[in-house]
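Visitor: Below are the structure tokens for one structure; questions will follow.
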Amino acid sequence: MSIDRSSPQNPGTLLFGVGLGPGDPDYMTVRARDIIATADRLVHFCKKGSRGNARVTADAVIPPDPAREIVLAFPVTTEVPVAEDGYTGPIAAFYDESAELLAAEMAAGRTVAVLCDGDPFFYGSFMHLWRRLAHRFPTEVVPGVTGMAGAWVRAGAPITWGDDVMTVLPGTLSEAELGRRLLDTDAAVIMKLGRNLPKVRRALKAAGLIHRAIYVERATMAGQVVTRLDEKADDTAPYFSMILVPGEGRRL
């Protein structure tokens, strides 16, 4: 299968996956700003009853406009473990329905920009739409500054030195698997914390890395928190949080 998506400036593009960066609109790329300012439809994911963070980030460029907005509210988020049928079934159906909704817009000739936190191809919900639509409609993915890049910059913590190997771990892994992978890397970023934070903390202690772990919450956004994990007294961690374990490799 060819992976050539033609020129990124192709005027025939209908679907855009737009990375808006870690939250501070100043980190948004020029390309992202151009697309969201001109697309016929602005799409964002959100939890029921709340406004999506990516749409809030885009407020710096384009104010709310009901005529342009398409809101995709997840039927379930953290209420059900991701491995259970009560999560996978409704979420898969949600992506199917959302893809067809956007397909109808593009079939009518309208351009659709899906707003994404961080980078669209890095643990992003957009990927599930891309898998269903990119082979049907001309598509461009606009890369964005990842949340972890925003986190290590705001923490003042260079993440890799010299020949350090970095591993990105979802906190949803088992405690044993987290521990195994932490022992086999020089630096790490642990995402998807939430209710997994106690387990992650134990895995870091078992791997002898708790003293290097930095907890970062809402990096680059209002309410940012940066602290050593061993100084964080509680196990509360919102969606936009992660743990950094900087490497200790070669310094010149």
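The sequence shown begins at 0 in numbering that gives the first Met the number 0 and counts up by one. Quick reminder that beta carbons are idealized off the backbone N, C-alpha and C, glycines included.
(1) Report the rounded CA-to-CA distance for Lys204 versus Trp151, giving the unit in angstroms.
(2) Could you pull the start and end residues of the beta strand (DSSP E) that His43 belongs to?
(3) Starting from Val70, trace the alpha helix (DSSP H) in both directions and tell me its first and last residue.
(4) Is Met27 helix, strand or coil when you go by DSSP?
(5) Within the same chain, show all residues whose beta-carbon is closer than 6 Å to that of Ala72, passing over the 5 residues directly before and after it, in chain order.
(6) Could you give the first and the last residue of the continuous beta strand (DSSP E) run that contains Met165?
(7) How many whole angstroms separate the CB atoms of Gly20 and Gly143, which I take to be in contact at a CB cut-off of 8 Å?
(8) Could you give the C-beta distance for Arg30 and Val141, rounded to a whole number, given that I count them as a contact under 8 Å?
(9) Is the CB-CB distance between Ala148 and Val215 below 8 Å?
(10) Around the C-beta of His210, are 16 or more other C-beta atoms found within 10 angstroms, so that it is buried, or is it exposed?
Guide: Taking the definition as stated:
(1) 21 Å
(2) Arg40 to Lys46
(3) Taken as a continuous stretch (DSSP letters only), Val70 belongs to no alpha helix (DSSP H), being part of the beta strand (DSSP E) at Glu68 to Phe73.
(4) coil
(5) Cys45 and Lys47
(6) Met165 to Pro169
(7) 5 Å
(8) 5 Å
(9) no
(10) exposed
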